[in-house]
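In terms of our numbering, the sequence shown opens at residue 109 and continues consecutively.
Ideal placement from N, C-alpha and C gives every residue a C-beta, glycine not left out.
None of these values were measured; they are calculated from a predicted model.
All remarks here apply to the structure that follows.
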Amino acid sequence: MSLVLDDAAILAARGPRAKLDPERPYAVHSESETLADGTRAQVLTVFLTNRECPFRCLMCDLWTHTLTHTPAPGQVVRQIEWAMGQAPGFDHIKLYNAGSFFDRKAFPPEDLPEVAQVLGRTRRVIVENHPALCGDAVFEFAARIHGRLEVALGLETAHPGVLERLNKRMTVADFEHAARRLRRGGVDVRTFVLVRPPFMNEDEGIHWAVESARVAWQAGAQVVTLIPTRAGNGIMDQLQRNGHFTPPTVKALESAVEQTLAQTPPGVRVFGDLWDVDRLEGCARCAQNRQARIARMNRDQRVPTPVLCDAC
């Protein structure tokens, strides 16, 4: 296949988009998360329904749950109100919108003051955003909310050649600049790092996940989430069929989390993303134990005893 991995190729490989209601988030999820002091917080994650992100990242499948138009004023506010009513009792809220929270076309920016009001006394508000869109609007929103703002930035990988091929339209230096600017402005930072993106073998995928996490925390990130790269968006399936991409195994994800956690400086947390982890290939004897070990590392922020398996 041609390895011209631009917007046109990525769009041409897509399948159908989900039908969504702009008055409702497309998903709501509640979980607990370990904080820097070792305590646990109840976190409500709201997956907002809004216009698709303008960036066509190679590995992204979030577009399947986006709209082709900007929601009307007030619709995203009502989504958040509805979600908060479904799961009361949370401490922190994640407002994830399949792109950038401060993209002015994702939803009307004039909704932001009302969003801040709806959030009330929520202690921490976590949003996702592209490093290129970390402008004044971020700090204005941070000043409006009662709690602390945290922005999740996708570094994906610090491997410069692979990052360029991910079509994310940023460099490692762009990420570092955005992270440091956020921290200087009093905004906390978490970072998403891919485990085994395309064009890497298993060992390279683990190595670059750890190295990318190091770049993230050196730039000021207080949380690093390691995400196993998946197929399913069309173009990634093509890459997999042609030998340019293989998803990481459960064992590789476990190793990446373990190695990163072992090197993390004080005050930085590391999480392994267990969303759809059953889709990852793993040893029939030990895969479940390895998943449980990742969950234990997420919870305790310590490296536990290893999983022993005579089959793999």
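Asked, Found
"Residues that DSSP places opposite E141 in a beta bridge", "A149"
"Neighbour-count burial assignment, S138, 16 or more Cβ in a 10 Å radius", "exposed"
"Any C-beta of chain D under 8 Å from that of A206", "Given the protein chain composition of this structure (a single chain), no chain D is represented."
"Simplified DSSP state of D408, which is helix, strand or coil", "helix"
"Counted within 10 angstroms of its Cβ, other Cβ atoms place E389 as buried (16 or more) or exposed", "exposed"
"Under the three-state DSSP convention, the category L498 falls into", "The chain is shown only over 109 to 420; residue 498 falls outside these bounds and no answer can be derived."
"Host beta strand (DSSP E) of R377 (start-end)", "R377 to G380"
"Boundaries of the alpha helix (DSSP H) in which I234 is found, first to last residue", "Element bounds for I234: not the alpha helix (DSSP H) but the beta strand (DSSP E), R232 to E236."
"Straight-line Cα distance separating T176 from C242", "23 Å"
"V297 versus A251 - alpha carbon distance", "16 Å"
"Same chain, Cβ closer than 8 Å to R186, neighbours up to 5 away in sequence not counted", "E131"
"Rounded C-alpha distance that separates I188 from W171", "20 Å"
"Bounding residues of the alpha helix (DSSP H) (the contiguous stretch that carries I188)", "Q183 to Q194"
"Alpha helix (DSSP H) runs contained entirely in the segment 320-405, provided each spans 4 or more residues", "343-349 and 358-371"
"Coil, strand or helix - H285 by DSSP", "helix"
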